[in-house]
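Going line by line, the protein sequences match chains A and B.
Throughout the first sequence, residue numbering follows the numbering used here, covering 27 to 355 in sequence.
Throughout the second sequence, residue numbering follows the numbering used here, covering 13 to 379 in sequence.
Every residue, glycine too, gets a C-beta built ideally from N, C-alpha and C.
Structure first, commentary second.
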Amino acid sequence: MSLKTSLLAGVALTAFGAGAALADPALIYDLGGKFDKSFNEAAYMGAQRWVEETGGTYRELEMQSEAQREQALRRLAESGSNPIVMAGFAFGDVLGQVAPDYPDTKFAIIDMVVDQPNVQSIVFTEEQGSYLAGVMAGMASESGTVGFIGGMDIPLIHKFHCGFAQGFKSIQPEGNVLMNFTGTTPAAWNDPVRGGELARAQISQGADVIYAAAGGTGIGVLQAAADEGILSIGVDSNQNALHPGQVLTSMVKRVDNAVFEAFTAGTDLEPGIRVMDLAAGGVDVAIDENNAELVTDEMQAAVEEARAAIASGEVTVHDYMTDNTCPAS
Amino acid sequence: MDKMPKWADVILTPLISLILAMGISALVILAIGESPWTALTTMVDGALGSSYGWGFTLYYATNFIFTGLAVMVAYHAALFNIGGEGQAAMGGLGVALVLLYLPLPHWALALPVAMLGAAAFGAAWAFIPAWLQAKRGSHIVITTIMFNFIAAAVLSYVLVNLLRPVGSMDPASARFPAETALPRLSELAAWVGIAWGRNTPVNITFLVAVLACVLVWVLIWRTRLGYEIRALGKSERGAVYAGINPVRITIVAMLISGGLAGMMAINNVMGESGRLVLNAVEGAGFIGIAVALMGRNHPFGIFLAALLFGFLYQGGGELALWTSIPRELIVVIQALVILFTGALDNMVRMPLERLFLALRRSGGQAR
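As structure tokens, then:
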């Protein structure tokens, strides 16, 4: 085997001369594709920033179907990539199986906890960022009804909804939060047409701010909201620029920072659980020139107040995944 | 006889088709500014250049052998079963139910039981289109492809609502018990002292697939049922005149076909992933059509064609990993091979046939 390995490595190096050297990091995107303007794209931006700052190279792979996860992971580990970062909770089970086979390779998984000695699990406090988005929606909504459109119906996305509802009700206690999910399979992350339909349905029920936590599906939600002249809230990446002046804000989840830091740490990647919360800049609401005129001074003040309250522990945002219930809705 | 020699029909035609497909693929790769030569060496090295590559190539080939045989059996009865995708997906459900709910202490016991489960579910899924075709004349092409969509919907419902373990977010079943895991060929190789194909998914199912090739050959050309299937395929009126019941043979041929497609699940669901995931079939049901056409509906040809498509799948995966050729173009390359070997078959065969006949005629005159 050692002869074959070295032969293979030799072949790889000669045939792809200019290609990657052996200890390069690798990034695997989940279904939905690299350029989904949301979750995967945030991961891509982080990797690109690492390339710009260090001049290094990395390997990347896009998933085409659920069945490929294990092969993709093993292939990257076999080919010597280190560390291997994967974007998405769906890799959790497979990683639990694969990681023990490659004790010298470091793995990082985003949005999921995998308890292995060579795995860093990166989780975000989406409920805190969503709470701030909810506060802004509460200030912006005139009808008292706002909408939430999730991608795949999983506890992780309920966590977004729950934080959003809690933040909204801190401003409008009598308000109403509509909730819809696109589907129950990973295809729900990439269905902008259905996202648009759900948005129109919520608008007809009176929603005037809609928060999309749905990966690529959110593009359709934001488009429908812009077409109907109401406000929307983007997710994961900063999506304010998609429809300038019509996207209230984006709940940015700094997946890019997570990828960047994992790549920077390289083979010294610290195993264990890494929590990216509001205080650490892991989640936030995006305010830039595209939504500056939508964000009033009072709104800004309310957000800062809420941020301070969360930091001091005065407000505890409920994490849906701890008990699978949401007190706010 | 106005025919070209058999070797030319069986070997030369697919080979020329393949070379044409590769030529056009090379142009496509050139057009996006990549080197076709690097792409080719990447594919060959990645799929055949190491025992690791071979392990994956043979794993994919195992899938395609089953779906190819499935298409072939139906084809001999003049039925075009394009529902292999759905039948294999349902076969996966059969495997999962058997392994999750029956106490099976050892893989040697689990394998035959899982094969039964897979074949039964695949065959059951093929039964309704078969019955509709035989009794109602609903065209099998339409019904089988519609059943693919129904199978996908049924599977996602079952995975999300019934089989998903409590607390899991991923729509996949629980892991099957460890003692039912099929031995990998790498483990067998290690057992006889050879280091081969470490961490590759090819497992003992490959040997089952080879056995299935032999059995299907025996069935079609050496049994009474096979004769009836072929007779029905050649001419339904002739078959009826000979006392063959077309309803019965149509349904039996489709049950065998669906059962073979379903058996693919012991490779990918039981042998590889060890749990049932969405989209586990990964298009192998459709590839089976190309494999059967290219293999001239003969088990040996199907075996070779399955190897070729196994190479294309694994080599394509390596391309995605090592080069910057986008994944969509890799699908284009695979599609070109299917187009040339499957659909445009006559484009190569007819000129070739004319060439051979012309050669023979001039040869005859010279003598």
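is_contact[residue i, chain B] using C-beta, thresh 9 Å
i	result
Met112/A	no
Leu182/A	yes
Asp349/A	no
Ser19/A	What the structure shows of chain A is the stretch from 27 to 355, and residue 19/A is not part of that stretch, so it cannot be assessed.
Ala354/A	no
Thr151/A	no
Gln90/A	yes
Phe356/A	Residue 356/A cannot be examined here, being either before or after the span of chain A that is shown, 27 to 355.
Gly173/A	no
Asp130/A	no
Arg300/A	no
Asp127/A	yes
Asp56/A	no
Asp345/A	no
Gly118/A	yes
Thr211/A	yes
Glu67/A	no
Met205/A	no
Met277/A	no
Ala47/A	For Ala47/A, the predicted structure reports a pLDDT of 44, less than 50, and the residue's modelled location is therefore unreliable. A value from the coordinates is still provided. Not closer than 9 Å to any Cβ of chain B, the Cβ of Ala47/A fails to qualify, so no.
Cβ-Cβ distance between residue i and residue j below 9 Å
i	j	result
Val273/A	Asn317/A	yes
Glu25/A	Tyr55/A	Outside the displayed span of chain A (27 to 355) sits residue 25/A, for which this structure offers no information.
Thr353/B	Ala318/B	no
Met276/B	Thr79/B	yes
Asn160/B	Gly103/B	no
Gly189/A	Gly170/A	no
Ala225/A	Ala250/A	yes
Gly313/B	Ala100/B	no
Met112/A	Leu53/A	yes
Ala304/B	Val349/B	no
Residue i burial status per 10 Å Cβ neighbour count (16 or more: buried)
i	result
Leu371/B	exposed
Tyr70/A	buried
Cys352/A	buried
Pro213/B	buried
Val259/B	exposed
Thr293/A	exposed
Ser147/A	buried
Ala47/A	Here Ala47/A scores only 44 on pLDDT, less than 50, and its place in the model should not be relied on; the value that follows carries that caveat. Exposed.
Ser338/A	exposed
Ala73/B	buried
Leu219/B	exposed
Gly149/B	exposed
CB contact below 9 Å: residue i versus chain A
i	result
Val172/B	yes
Pro183/B	yes
Leu111/B	no
Glu199/B	no
Met13/B	Note that Met13/B scores a pLDDT of 47, beneath 50, so its modelled location is shaky; the value from the coordinates is reported in the next line. No, no contact with chain A.
Ala138/B	no
Ala332/B	yes
Phe133/B	no
Val293/B	yes
Phe68/B	yes
Leu24/B	no
Residue interval of the alpha helix (DSSP H) (run including residue i)
i	result
Val259/B	258-277
Asn66/A	65-80
Ile229/A	218-230
Leu319/B	311-334
Asp253/A	244-254
Gly104/B	96-113
Ser338/A	323-338
Endpoints, the beta strand (DSSP E) within which residue i is located
i	result
Gly173/A	171-178
Met89/A	First-last for Met89/A: undefined, no H or E at that position.
Met112/A	110-113
Met205/A	202-209
Ala239/A	235-239
For residue i, the residue or residues it bridges with in DSSP
i	result
Thr275/A	Ile259/A
Tyr72/B	BP columns for Tyr72/B are empty, so no partner.
Gln146/A	Ala134/A, Gly298/A
Tyr55/A	Glu88/A
Asp310/A	Val278/A
Val230/B	DSSP lists no partner for Val230/B.
Any chain E beta carbon closer than 9 Å to residue i
i	result
Ala93/A	In the structure shown, chain E cannot be found, because the protein chains are A and B.
Residue i: CB within 8 Å of a non-hydrogen atom of the ligand NAP
i	result
Ala305/A	Only the bare structure without any ligand can be found here, which leaves the ligand NAP out of the picture.
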